[in-house]
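Engineer:
Numbering (my numbering), first residue to last: 2 to 548.
Now the structure itself:
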């Protein structure tokens, strides 16, 4: 007969059952202190299973109770800890978007071509991931990568070509292989944008709560930015303009939008959203598309071309234009998602950013790949937008001073500088030059990660059974105007290397306030766990990289 008590401590023994039993009984909190349990050896395994199941059920009930307490507004965390933590969740693509892409894939005769094109796209991303690749042409990239490669029989490797244009089939391949990651990253950034705009300090600096009414998508591609924005602001977003250099991408964007229950296409009055498109460069001709007929379905491409020739597309501007947009800037959100790194050179990227600034958008979002090259173009865009804001502010102040000095009447020229300039809303806690941008270490670049659920078409394209993947990206959000003043962080703390986390005040609703958190230092690398202490590498409000 085996007698087990709740406080039994087994001596040193070689029996694995005894060791496991000792641990389970010691951790169990469900047995009375002096209760003696009598079991036959044959039923010992059943007893251990019941005991383990009961212990797991108790722990699960404790987790449920804790969750219910937090749902009722009672949290064990401080206000600062509550706001500073982010609950990472898996992002799932909208059902209508998945259905639209799946139907487009089903319409292709040679579906293996979709995977081939997607693999070529992944290869291009790998070749253009370094900072040095930003200043290299496609031929230089291929020469560098294949300079020393030979085939199995010793012959020189034939260099493939990096595709820089999109026809209908390559556009579908892009949607099947890259669109889910772009959607997940964009949705993550827009959710963070909404969270920061809802902070009490931002709300107090605005006359009313800011929500976008119009979305201008620079390099719209598959339209993933619009789908993400509709998830965040489904009721306030009323107008969308997509700018892209490829008419095939514009066709794909419009085709996917038709899958929504309320079709925001052709500016229908009954729709909840008015959508329009503009082509910013001349798209490939029909001859250039059919040049690749050996690797695509010729009949399918010919059918698409004939339908395009018959169809009138008044919503698409046929003449090429630059990255510019003219319209009402009230409630305007401008976004450039995974576009900058695809532009050929630095001059083209600066022109695109200047066009975004000239649109008058109140909020500007730049997103790119989470690679050294992607971070480089985002940091360059951040620096340029801040420079344009400072230039606008200096010019306005100078013109006001000249007007006042000439007429000696200051009352006729009020100071409107609060609405001028620009500042970083996310993710940086400061508007100074990015310290990682100036770093010589290629491993130090600012990027983020978002886990997404792979739809079926993505798993088929990648030939994998894994249901999740991580989308890595770099981003910056720029707001027009002046950074709201901080009441809890003084200037002397801003210049010091040791940062102090201010205690956030409660807002009108009694919830945790995030106003002071705009200046909190941000952790940019995994913590270094040392003996007796932990070292954090942070981007501080002083504009320095400290660790």
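Here a beta-carbon is modelled for each residue, glycine too, at the ideal position from N, C-alpha and C. All of these numbers come straight from a predicted model, not from anything done at the bench.
1. For residue 172, which residues of its own chain have a beta-carbon under 6 angstroms away from its beta-carbon, when the five flanking residues on both sides are left out?
2. From residue 131 to residue 373, what does the alpha carbon distance come to, in whole angstroms?
3. What first and last residue would you give for the beta strand (DSSP E) that runs through residue 171?
4. Does the count of Cβ pairs from the segment 178-198 and the segment 468-475 closer than 8 angstroms reach three?
5. May I ask you to verify whether the segment 93-107 touches the segment 443-451, counting CB pairs closer than 8 angstroms and requiring at least 3?
6. Just the C-alpha distance for residue 233 and residue 532, rounded to the nearest angstrom, thanks.
7. From the DSSP output, in three-state form, read off residue 335 for me.
8. Please report the distance separating the alpha-carbon of residue 211 from that of residue 387.
9. Helix, strand or coil, according to DSSP, for residue 451 in the structure here?
10. Identify whether residue 475 lies in helix, strand or coil by the three-state DSSP scheme.
11. With DSSP run on the structure shown, which of helix, strand or coil describes residue 542?
12. Assuming residue 177 contacts residue 102 under a Cβ cut-off of 8 angstroms, what Cβ separation, rounded to an integer in Å, is found between them?
13. Should residue 280 be listed as close to the ligand NAP, given that the test is whether its C-beta is under 8 angstroms from any heavy atom?
14. Do you know how far the Cα of residue 544 is from the Cα of residue 93?
15. Reducing DSSP to helix, strand and coil, say where residue 364 ends up.
16. Pick helix, strand or coil for residue 92, following the three-state DSSP scheme.
17. Using only CA atoms, which one of 256, 425, 236 and 527 lies nearest to residue 364?
18. Taking the straight line between their C-alpha atoms, what separation do you get for residue 246 and residue 420?
19. Do residue 135 and residue 378 come within 9 angstroms of each other at the CB atom, strictly closer than that value?
20. Helix, strand or coil, according to DSSP, for residue 424 in the structure here?
21. DSSP on residue 437, reduced to helix/strand/coil?
22. In this structure, how does DSSP classify residue 277 when only helix, strand and coil are distinguished?
23. What residue from 541, 535 and 461 has the CA that sits closest to residue 116's CA?
24. Does DSSP put residue 238 in a helix, a strand or coil?
25. Just checking, does the segment 406-420 make contact with the segment 519-538 on the three C-beta pairs under 8 angstroms criterion?
26. Hey, residue 225 and residue 187 are a contact pair by Cβ (cut 8 angstroms); roughly how many whole angstroms apart?
Structural biologist: Quick look at the numbers:
1. The beta carbon of residue 172 lies closer than 6 angstroms to those of 249, 250 and 253 in the same chain, with the five residues before and after it left out.
2. So the two alpha carbons sit approximately 5 angstroms from each other.
3. That residue, residue 171, is in no beta strand (DSSP E); its alpha helix (DSSP H) goes 169-178.
4. Short answer: they touch.
5. No: the two stretches stay apart, fewer than three of their Cβ pairs being nearer than 8 angstroms.
6. Roughly 44 angstroms separates the two Cα atoms.
7. Strand at residue 335.
8. Cα to Cα, the separation comes out at about 21 angstroms.
9. DSSP places residue 451 within a strand segment (E or B) once states are collapsed to three.
10. Three-state DSSP puts residue 475 in a strand.
11. DSSP places residue 542 in coil when its eight states are reduced to three.
12. The Cβ separation is near 6 angstroms, so the contact holds.
13. The model on display carries no ligand, and the ligand NAP is accordingly not part of it.
14. Going from the Cα of residue 93 to the Cα of residue 544 covers about 36 angstroms.
15. Residue 364: strand per DSSP, three-state reduction.
16. Reduced to three states, the DSSP call for residue 92 is strand.
17. Taking only the C-alpha atoms, the option nearest residue 364 is 425.
18. For residue 246 and residue 420, the gap between their C-alpha atoms comes out near 33 angstroms.
19. Yes, Cβ-Cβ distance for residue 378 and residue 135 is below 9 angstroms.
20. Under the three-state reduction of DSSP, residue 424 is assigned to strand.
21. It is coil, neither helix nor strand.
22. Note: residue 277 maps to strand in three-state DSSP.
23. For the residues 541, 535 and 461, the minimum Cα distance to residue 116 belongs to 461.
24. Three-state result, residue 238: coil.
25. In short, these stretches do not touch, since the Cβ pair count stays below three.
26. Contact annotation, residue 225 with residue 187: C-beta distance approximately 6 angstroms; criterion of less than 8 angstroms satisfied.
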